[in-house]
Each structure stands twice: as C-alpha cells, then as structure tokens.
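In our numbering, the protein residues as written are 4 to 429.
Here it is as structure tokens:
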C-alpha cells in the first residue's frame, strides 16, 4: 500500500495534474520568480517524451491527435485574416502548446494504460478534496467564500469551482459504476457529497451546473426495461436519480426555510436580472452571444480569424476575457463553418467509441465521459475560451481508452420474459 502511494505521488500523472491545476494551486504556494506553469510544463514534456520513447504511442489515440492537428492548423492559418494582433498571437500560442500537449498526454499515454488513468484520477480527486476542505474551512471561519479577503485579485469561486466540478465528475463515475459495496464506490459517494457541499457555498453558477449535469446524464444513459409488465431500471439510473432528487429536495427545503446557499441565490439573481431587462447590458453573456452571431454573418465560411472577436467588439482594442464565452460560437465566429466542421470531426473521433453498456460497467470510462460532459456542456459553453480548455482536451484523449477487461462481477441482472431466470448484462 505504501509503495503504491509513493509510486503515485512521484509519478508522471501527479506531475501532470500539478501542471494542469498550477494556476489554481498558486494560492497555496509562495510567489516564484519564474512562472511555475511553464516550469511544470517543461518537466512534463521531458518526462512525456521519455515515456513515449520507452513504451511507444497508444495507436487508437493517434487518429484523434491527427484530427486535432488539422483543426489547429486551420486555427493557425486564420491569423492571416484576423483583425486581432496580440490576442490572436496569444491564442495560437496557447492552443499549439497547452491544448495540443494535454490532448497528446490524454490520447497517447494515459488512455493506453488503465493504471495511469486511475493514478491521474486519484490526483485530481486529491486536489479537489484539498480545495473543498480548505474552502469549507474558509466559509466556517469567515462566513463567506467568494468574498474572502485572502482571494483579493483572483476569481477563486471559478478558479477553485471548476477543478472541484471536474473532480466531482470522476467521483460520481466511481460512485455509480464501481461494484456495489466496494471501497471505491463508497469513497466516490463520500467525495461526491463533499464536492457538492463546497459548490453550494462557493457562489459559482457554472461549476454547480456542471455537477448537476453530471448527475442528470446517467439517468438517461439507457431507457428502463419492461419485462412481464414490470419496470426495471439500472442501478446507475436508480443511484443517480436518488442523488439528483436529494439535491432538488435540499434546494427546495432551503428555499422554504429562506436559508438559500450562496450559489443557488446566484441562480435566482440571474433569473431576476434577465426577467427585468438585464440582457441588454453590455459585457454580459447574452450580449456576447448576439455579437458573435453578428460577426460570423460577415464571414460565415472562414470566420473573422482567431482572436478577432475582441477587436471588433471593442472597436479596435484588444482586452483579454472579451470573447464569446461559448466555444461553439467562438469557433464559428473566428474560424467559420470550416473550423466548426473540423472541430466536429475531433469530437466525433473522440466520442465514436462511447458505448452505453461500457459506461454502465467501467468506472474509469464513465468518469472520463462525465468529465467531458461537465467541461464541454457547461464550462466550454459559458465561460473559458478555447485557448484555456486544457482539461477538455485531456478528457477527449481519455475517451479513446480501450475497454476494460470483461467481468461478470458486479453486473446487473435482468429477468428473462419467458422463464424469470436472470441473465448477465455485458
């Protein structure tokens, strides 16, 4: 046990997780003269190349990498007609380094070995646990998390909330798909509750919505079966449904008592803001989305060019953070229909191996899929721009992992219509 823990602590997966969440973990470390993200990336690249040289490339991930290189090639080419300069160069640089590297790690290394995926998930869960426990301690001490003075200058409710939401996707995967009664399932359930409590007080709408989406997706993974006039639902559906119901009941009770968690109150504030005409205010997401569609209409086929949105939106000025806040609208606006088709090809190559039966019996694959669902369905659609979708590209790479060895242990049993006997589900 101790040997395995030390091996995981000093593994490539631990180093990669530190790089992936280095901007979040800055809070816990003193300020260094050199950007630790760059240092960690450099170390990760060296170790990654050494591991690939030793073990070779994971072949099923190569097609995803090749499809992505086509997309990123078009993205780079679009600089030729972009009205942006500084942000365009930055976007290309980030996409060609951070995003491509994260995709290669996920698709060419981690996906080829379940042990590496397990170690990586363990590291992400550990980081999510540290953030959640410390965040709850801050809330208990100061009565607030979002407006804690120690966070001056950083948006901790998002910078911490999204990593915790990603960790919750992994923990839910283990809670739903791990064999019943195992330590893995129990630890997944406990961590899922911890992450939910933190997200409810952290005041980040998008991370909480990501958690709720990861709860809802397993409910619709497969339709219930009717056998001999009896309705049968899967264990995953039952567990996810009960967890989702518990969350809804808690929120309803909190509303009734008038003691609404901060994050839920932010959802209520948003509804009131929209209801009373706030959508017309500049620098809000709906304003960004409408402007993105307007700029796309000027060049529907090839787009306005990477990094060009800010220049048009601010009449020639370029300001970081001024972007469509929706990855599909960003791609459509800046890279046109061609870019959207190429990105759709990337998604298709990654998702073509997703199989419902596999999701129901493989905790690692379900965790990878829920990780993708939360990152793509919420974060990419409402918040971070394409250049900072590092975790999303890791999750896309993980979806190319080979199926786990078939086992009958922990499989659900369905009664047959004719004899009432049970048959194992593969």
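Just so you know, even glycine gets a beta-carbon here, dropped at the ideal spot from N, CA and C.
Everything numeric in this text was worked out from a predicted model, so none of it was measured.
Using the C-alpha atoms, what's the distance from residue j back to residue i?
i: residue 161; j: residue 229; result: 43 Å
i: residue 21; j: residue 332; result: 30 Å
i: residue 359; j: residue 109; result: 21 Å
i: residue 78; j: residue 342; result: 7 Å
i: residue 216; j: residue 380; result: 8 Å
i: residue 281; j: residue 127; result: Its pLDDT being 48, under 50, residue 281 is placed unreliably by the model, and nothing is read from it.
i: residue 130; j: residue 249; result: 26 Å
i: residue 166; j: residue 24; result: 8 Å
i: residue 235; j: residue 354; result: 28 Å
i: residue 322; j: residue 364; result: 46 Å
i: residue 190; j: residue 200; result: 16 Å
i: residue 293; j: residue 346; result: 21 Å
i: residue 213; j: residue 19; result: 23 Å
i: residue 103; j: residue 193; result: 34 Å
i: residue 325; j: residue 185; result: 47 Å
i: residue 105; j: residue 179; result: 27 Å
i: residue 252; j: residue 242; result: 15 Å
i: residue 1; j: residue 88; result: Beyond the ends of the chain as shown, which are 4 and 429, falls residue 1; an answer cannot be given.
i: residue 350; j: residue 356; result: 11 Å
i: residue 256; j: residue 247; result: 14 Å
i: residue 313; j: residue 93; result: 13 Å
i: residue 337; j: residue 208; result: 27 Å
i: residue 132; j: residue 295; result: 37 Å
i: residue 97; j: residue 238; result: 42 Å
Sort out for me which residues DSSP pairs residue i with in a bridge.
i: residue 235; result: 228
Below 7 Å CB to CB, which residues in the same chain sit around residue i once its five sequence neighbours on both sides are set aside?
i: residue 301; result: 307
i: residue 288; result: 328 and 385
i: residue 163; result: 27, 134, 138 and 205
i: residue 55; result: 111 and 112
i: residue 173; result: 124, 127, 128, 370 and 374
i: residue 378; result: 169, 394, 395 and 398
i: residue 70; result: 348, 349 and 352
i: residue 254; result: 267
i: residue 361; result: 368 and 406
Buried or exposed for residue i, please, with buried defined as at least 16 other CB atoms from any protein chain shown within 10 angstroms of its CB.
i: residue 38; result: exposed
i: residue 136; result: exposed
i: residue 260; result: exposed
i: residue 285; result: Low local confidence applies: a pLDDT of 41 at residue 285 is under 50, so the model's placement there is unreliable, and no value is given.
i: residue 33; result: exposed
i: residue 412; result: Residue confidence for residue 412 is low, a pLDDT of 43 falling below 50, so the modelled location carries little weight; the figure read from the coordinates is stated next. So residue 412 ends up on the exposed side.
i: residue 81; result: buried
i: residue 155; result: exposed
i: residue 53; result: exposed
i: residue 45; result: exposed
i: residue 170; result: buried
i: residue 1; result: Any property of residue 1 remains undetermined from this structure, which presents the chain solely from 4 to 429.
i: residue 268; result: exposed
i: residue 220; result: buried
i: residue 15; result: buried
i: residue 317; result: exposed
i: residue 392; result: buried
i: residue 319; result: exposed
i: residue 240; result: buried
i: residue 233; result: exposed
i: residue 334; result: buried
i: residue 330; result: buried
i: residue 400; result: buried
Just to confirm my understanding: we take residue i, look at its own chain, exclude 5 residues before and 5 after, and list those with CB closer than 6 Å. What are they?
i: residue 375; result: 398
i: residue 151; result: 141 and 145
i: residue 402; result: 353 and 371
i: residue 84; result: 308
i: residue 61; result: 111, 114 and 115
i: residue 210; result: 164, 165, 168 and 202
i: residue 67; result: 110, 352, 353 and 403
i: residue 63; result: 403
i: residue 244; result: 222
i: residue 30; result: none
Output yes if chain D places a C-beta closer than 8 Å to the C-beta of residue i; else output no.
i: residue 143; result: In the structure shown, chain D cannot be found, because there is only a single protein chain.
Going along the chain, which residues of its own chain have a beta-carbon closer than 8 Å to the beta-carbon of residue i, five neighbours each way excluded?
i: residue 271; result: 263
i: residue 304; result: 339, 340 and 341
i: residue 95; result: 78, 79, 82, 309 and 310
i: residue 367; result: 117, 120, 121, 124, 176, 404 and 407
i: residue 74; result: 342, 345, 346, 348 and 349
i: residue 43; result: 18, 21, 22 and 25
i: residue 99; result: 75 and 79
i: residue 47; result: 15, 18, 19, 22, 104 and 108
i: residue 50; result: 15 and 18
Extract the residue ranges of the alpha helix (DSSP H) inside the stretch 89-139, only unbroken runs of 4 or more that lie entirely within it. Within the stretch 89-139, the alpha helix (DSSP H) runs of at least 4 residues that lie entirely inside it are, in chain order, 89-97 and 103-107.
Would you list, in sequence order, the uninterrupted alpha helix (DSSP H) runs of no fewer than 4 residues that lie entirely inside the stretch 155-233? With a minimum length of 4 residues, the continuous alpha helix (DSSP H) runs that stay inside the stretch 155-233 are 159-162, 164-180, 186-204 and 208-219.
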